[in-house]
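Numbered by UniProt numbering, the letters in the sequence shown go through residues 1 to 312 in order.
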Amino acid sequence: MVSMSDVVYRYSQTYKVLKTVVVISVLGIIIEMIFAYLSSSIIIYTDAVHWIVDTSLEFISMITFYIVSKVYRKIKWNIFALEALLVLLLSLTIFSFYILTLIETIKSYTESLFAPTTTNPFLALVTLFGGVLTIIMYIVERRAYKKLKTEILKVDMTHAVVDLSVAFVASIGIVLTAYTHNFIVELVVVLFVLFAALQTLIELCKEAIKSMLGFEVDPNLKALLTSRLSKFNREDVKIGEVELRKMGTFYVAKVIIYLDPRITIREAHKLRKFINIESREVSDLIHHVDVLFYPMKKYTHYRKKEKYRRQK
């Protein structure tokens with residue numbers, strides 16, 4: 001079973017891994033921004049903005065894990081709300097800034113009689129180097145995930161695979177644009193990289209809004225949690241409604257339990273402890289579990305309500 005000290009250890013180690021990833025990402029941003037400035041290539045610039053988006057979000061996650069690992073038992077929920085708000089504002093700011101830049105680029109196409117901005121094929125080495133950095137980050141996170149099993153690392157690993165494909169397409173686009181001098185090729189590559197960044201931003205905005213409004217998310221995780229908690233059902237204990245809401249990076253669960261009045265307070269507290277431990281074994285992103293006890297006589301009413309809801 002997962003103890004409190006084990007959870008805090010995972011969070012602190014995850015913070016260290018994310019710190020390494022952020023340092024590598026900052027290196028990628030610096031290199032791409034230097035070459036974007038020197039070459040005026042919109043493909044390099046777009047890829048640099050993509051790096052900025054990813055790094056900013058990794059930085060926010062890093063700070064969140066640092067705070068949680070330090071004050072796990074005394075954490076305030078407004079920290080998670082602040083995280084969601086920061087993600088939303090950051091996403092909108094970066095996207096607005098980039099859209100303005102893209103509009104200026106399209107204007108420059110018309111002013112220069114649709115001449116491409118990418119003319120040097122060796123600039124592909126810049127995006128390929130970015131791909132190498134992405135592979136390094138993937139390896140770092142994969143090794144850490146095998147040990148820590150922190151889900152945020154798994155999510156970031158999946159995103160790294162997408163970033164690798166973006167770097168590959170951008171590299172091919174640079175070479176093709178430089179040799180064909182076709183602005184259409186350049187524009188298609190720019191839109192592809194933009195779409196990858198935009199897709200990430202849209203998903204993060206949706207998650208941030210859901211988090212701030214307290215909507216339930218991740219039905220699969222909720223179903224898994226409900227299934228795992230069902231093992232506590234017995235004649236004098238019945239698991240009722242299970243809710244799972246996202247607060248920033250983490251989840252907050254609420255579990256309603258119907259008890260026989262003859263169960264002692266000591267047994268109820270022991271059951272609450274086991275529910276908390278079991279919930280964190282389902283996912284280490286379940287940061288807090290509210291366990292509410294109700295008398296068994298209300299369980300019949302709950303079952304009737306559930307049956308009616310399913311028949312609708």
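Idealized CB from N, CA, C, for every residue including glycine.
Can you give the beta carbon distance from residue i to residue j, rounded, assuming they're within the 8 Å contact cut?
| i | j | result |
| --- | --- | --- |
| Thr-127 | Glu-186 | 13 Å between Cβ atoms; not a contact. |
| Glu-151 | Asp-284 | 6 Å |
| Ile-174 | Ala-124 | 4 Å |
| Ile-52 | Ile-29 | 6 Å |
| Thr-20 | Val-161 | About 19 Å; that fails the 8 Å criterion. |
| Ile-257 | Leu-271 | 7 Å |
Figure out for me which residue from the options has the closest Cα to the Cα of residue i.
| i | options | result |
| --- | --- | --- |
| Leu-102 | Phe-195, Val-289 and Glu-267 | Phe-195 |
| Tyr-45 | Ile-99, Leu-57 and Leu-89 | Ile-99 |
| Leu-27 | Phe-129, Leu-153 and Met-157 | Phe-129 |
| His-269 | Leu-57, Ile-67, Val-291 and Tyr-138 | Val-291 |
| Tyr-11 | Tyr-145, Arg-228, Ala-170 and Arg-266 | Tyr-145 |
| Leu-89 | Leu-201, Asn-182, Gln-13 and Ala-197 | Leu-201 |
| Ser-69 | Lys-16, Phe-293 and Gly-240 | Lys-16 |
| Leu-221 | Ala-253, Glu-203, Asp-236 and Leu-191 | Ala-253 |
| Lys-154 | Tyr-138, Asp-163 and Gln-199 | Tyr-138 |
| Glu-278 | Val-242, Tyr-258, Val-190 and Leu-229 | Leu-229 |
| Lys-297 | Asp-236, Ser-165 and Ala-223 | Asp-236 |
Looking at the structure shown, is residue i part of a helix, part of a strand, or coil, going by DSSP?
| i | result |
| --- | --- |
| Glu-168 | The question names Glu, but residue 168 is Phe in the sequence shown. Helix at Phe-168. |
| Asp-163 | helix |
| Asp-47 | helix |
| Lys-254 | strand |
| Phe-183 | helix |
| Pro-121 | helix |
| Lys-149 | coil |
| Val-2 | Its pLDDT being 49, under 50, Val-2 is placed unreliably in this model, and the value from its coordinates should be taken loosely. Residue state, collapsed to three classes: coil. |
| Pro-219 | helix |
| Leu-244 | strand |
| Thr-110 | helix |
| Asp-284 | coil |
| Ala-268 | helix |
State the Cα-Cα distance for the pair residue i and residue j, rounded to the nearest angstrom.
| i | j | result |
| --- | --- | --- |
| Leu-148 | Ile-263 | 37 Å |
| Thr-226 | Ser-39 | 55 Å |
| Pro-295 | Asp-260 | 6 Å |
| Phe-65 | Ala-115 | 46 Å |
| Phe-250 | Thr-134 | 25 Å |
| Val-23 | Ser-41 | 25 Å |
| His-159 | Arg-234 | 42 Å |
| Ile-63 | Ser-25 | 15 Å |
| Cys-205 | Arg-266 | 44 Å |
| Lys-246 | Lys-210 | 8 Å |
| Thr-180 | Asp-47 | 21 Å |
| Thr-14 | Thr-119 | 42 Å |
| Asp-163 | Ala-170 | 10 Å |
So what does residue i bridge to, in DSSP terms?
| i | result |
| --- | --- |
| Asp-290 | Lys-254 |
| Val-237 | Arg-234 and Leu-259 |
| Pro-295 | Leu-259 |
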